[in-house]
Structure formats: C-alpha cells, structure tokens
Amino acid sequence: MDLQLPPGLPKLRVRGAWKFFGPGTAGSAALRDVHLDIAHNEFVTLVGASGCGKSTLLRALAGLEPHSAGDMLCDGAPIEGPGPQRAMVFQHYSLYPWLTVIENIKFCRRLQFHARGRTSADVEAASGRADALLRLMGLCHVENAYPGQLSGGMQQRVAIARALMGRPQILLMDEPFGALDAQTREVMHDLILHVHRLERSTIVFVTHDVEEAIYLGQRVVLMAPRPGRIDTVYPVPLPDARTQDMKLAPEFLALKREVLARIRATSGMQTDFELLEKLSHAASTDLAPEPGDFSS
Ligand SMILES: Nc1ncnc2c1ncn2[C@@H]1O[C@H](COP(=O)(O)OP(=O)(O)OP(=O)(O)O)[C@@H](O)[C@H]1O
Ligand SMILES: [Mg+2]
159 MDLQLPPGLP KLRVRGAWKF FGPGTAGSAA LRDVHLDIAH NEFVTLVGAS
209 GCGKSTLLRA LAGLEPHSAG DMLCDGAPIE GPGPQRAMVF QHYSLYPWLT
259 VIENIKFCRR LQFHARGRTS ADVEAASGRA DALLRLMGLC HVENAYPGQL
309 SGGMQQRVAI ARALMGRPQI LLMDEPFGAL DAQTREVMHD LILHVHRLER
359 STIVFVTHDV EEAIYLGQRV VLMAPRPGRI DTVYPVPLPD ARTQDMKLAP
409 EFLALKREVL ARIRATSGMQ TDFELLEKLS HAASTDLAPE PGDFSS
C-alpha cells in the first residue's frame, strides 16, 4: 500500500515500523509494518478501534517509546528520543498543581534555559512568548490561578500553551480533548486550527471522535487492531479554512459515514446478540421464583 506522498522531504517519515511489547517478537505486534509520511505543516488525524496502536505510534514519534524495527525519521534523521522540536499533549493535562498558570507555561522552558546557560535577554524573549500564548489561549485573566481553580478546558489550554512554549515544529496530541464537553471541544477545535495556521506547526492528532478527526485533519489515517496497522488513509475534501457549518456538508457527512463503517468493520468487536439474549433469558429464569417460594 502506498500513501499519496506529499512532495519534498516529509517532516515525519515512518517506514516499515514494527513495535512488539515484551521480549523479542513473541505475541501480537502493537504496530505491524507501518508506513506513513507527514508533510511539513500538515495536520493529520489518527483514528481506529481501541488498542489499534494509535498511542503507541504517537509515543514512538515523540521518542518516548522505542519501536522494534523499521525507520522513524524527523526531518530525515532517526528519532532516538524526545527532542525540543516535538511536543506531546496528553488527554490528562498533567499540569504542576503547585505552580500558577504562567509558571506552568514557563516551567519547561526555564529548565531548558538553565541547562543551556542562556542569557537574561533570552529569558525576557521567552516571557514575551509566554504572554503572547496566554493571550492566544484566552488565559490572561487566570494567569496567577492554580490548575485546581480552572475548568478542564482551561487546564487543557494551559497544557497546549506549555507545549507551544518551546516553539516545537511538531505537536503530537493524544486525545487531548477527550475529557472535555462538546461545547468546549468546539472552541478548542477552532483554537488548535488557529495555532496550526499561526505557528505553521505539523500536527499529529489522535482521537476516537470521527467528526473531530475530519473537522481538524487534512488527512484522516485509520488504523486497525490485532496487529496494529494502517488500514486506510482518507484525504479530507474540505478547504483548509474550516468553519463549523462544514460539518453539515454532504461530503463531510459521507466521509464520516465511510470512516465509521470502516472502524466498525475493522474493530473485530462483534456483539453476539443471540448469546446475550440467551444469557438474559437464563438469568431471568434463574431469578424467577419457583412455585411455592412465597407460600407460607
Ligand atoms: N506498555 C505496554 N505494554 C504491553 N502492551 C502494551 C503497552 N502499551 C500498549 N500495549 C498494547 O499495544 C496495543 C496498542 O495499544 P495502544 O495504547 O497504542 O492503542 P490505542 O489505539 O491508543 O488504544 P486506545 O484507543 O484505547 O487508546 C494494545 O494491544 C495494548 O494492549
Ligand atoms: Mg491510546
């Protein structure tokens, strides 16, 4: 299978990548022979049934988990660990509860400055970026609040601002809006599209929500489980400047139906309704009172 390769050197390249957990190649592969190229400034979304390897692929791209075989490249160089050009955002915001919003945003940056012995002018420039990110994320009014005083949506905005603080070229996001309500999610969608345009970052975004995947992605990559693999890559037939009303466009709805049907077909999770009926029948006859149970 080849995947409509973007022209030029891809920002991220995955070539014949495998991942086994545990020793050797025993057991099933969490990733089997994955090929994927992602262009600079592309927004790619990953969907697929639970356990199909989405997080495993993302963590390998982040350099947090080594793959077992094949190549994973960033700008043509092998990914051998985490790097400042790649930032990860998780579903659970993992902010430092004892630091304020602004301190959280600046925290990792401060460690980097400390490690590299930068000058105070660099620190000042970083403060300017932190302030700009606070404004971009609409967080100015809670700058000095602690994470525990914020809503889920606000905490996730802090986490994204913190990830953006080091000017990463690549954002790897693992179900970042999974814990948010529907309205907050819509706001976050437009915010992340804005960030994508503004920062010209490359984004790989994992989600269970097919509508979210189509609304955000320029391509939707569908993975299938046992073994974890890429099943289908769908180009999204929408202009890059997305608006919420596009979710009602016939091509949006048709793609959504197609992707959902394919996830269902590849999930391998079939409910045996006949067995379920037998079980509930057995349960109800087990519980049914025997004749004479209530006689005194
Ligand atoms: N640390 C680990 N040790 C052993 N097996 C693991 C580990 N992490 C993941 N796996 C296995 O690898 C496979 C892929 O898991 P992964 O978490 O990547 O799936 P996913 O697509 O992100 O699922 P979900 O949608 O539920 O988050 C699963 O079978 C899982 O059990
Ligand atoms: Mg996952």
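Residue numbering for the sequence shown follows this note's numbering, starting at 159 and increasing by one per position.
All C-beta atoms in this analysis are idealised placements derived from N, C-alpha and C, irrespective of residue type, glycine included.
Rounded to whole angstroms, the gap between the alpha carbons of Leu411 and Ala245 is 32 Å.
With respect to Tyr251, Ala317 sits close: the two C-beta atoms are nearer than 8 Å. At a threshold of 7 Å, His225 does not count as near ligand 1, since its beta carbon sits no closer than that to any of the ligand's heavy atoms. When only Cα atoms are considered, Ala321 and Leu257 end up about 16 Å apart.
Neighbourhood of ligand 2, defined by CB distance below 7 Å to any of its heavy atoms: Lys212, Ser213, Asp332, Glu333 and Val364, in chain order. The Cβ neighbour count for Gln314, taken over all protein chains shown within 10 Å, is at least 16; the residue is labelled buried.
The criterion of a C-beta distance shorter than 8 Å is satisfied by Val394 and Leu413. Contact holds between the region 415–427 and the region 377–391, because three or more Cβ pairs, one in each stretch, are under 8 Å apart. In the structure shown, the three-state DSSP call for Thr401 is coil. Cβ contact annotation for Val192 (same chain, cutoff 6 Å, sequence separation greater than five): Val172, Ala175 and Ile388, in chain order. Under a 10 Å Cβ-count criterion, Leu406 is classified as exposed, with fewer than 16 other Cβ atoms of the shown protein chains found around its own Cβ. Take Pro236, set aside five residues on each side of it, and no residue of its chain has a beta-carbon closer than 6 Å to its own. Here Ile328 is not near Glu301, since their CB atoms are 8 Å or more apart. If you compare the alpha carbons of Leu351, Gly209 and Gly166 with that of Ala187, the shortest gap goes to Gly209. Taking the CA atoms as reference points, His366 sits about 6 Å from Val205. Membership of Lys169 in any alpha helix (DSSP H) is not indicated, and neither H nor E is assigned to it by DSSP.
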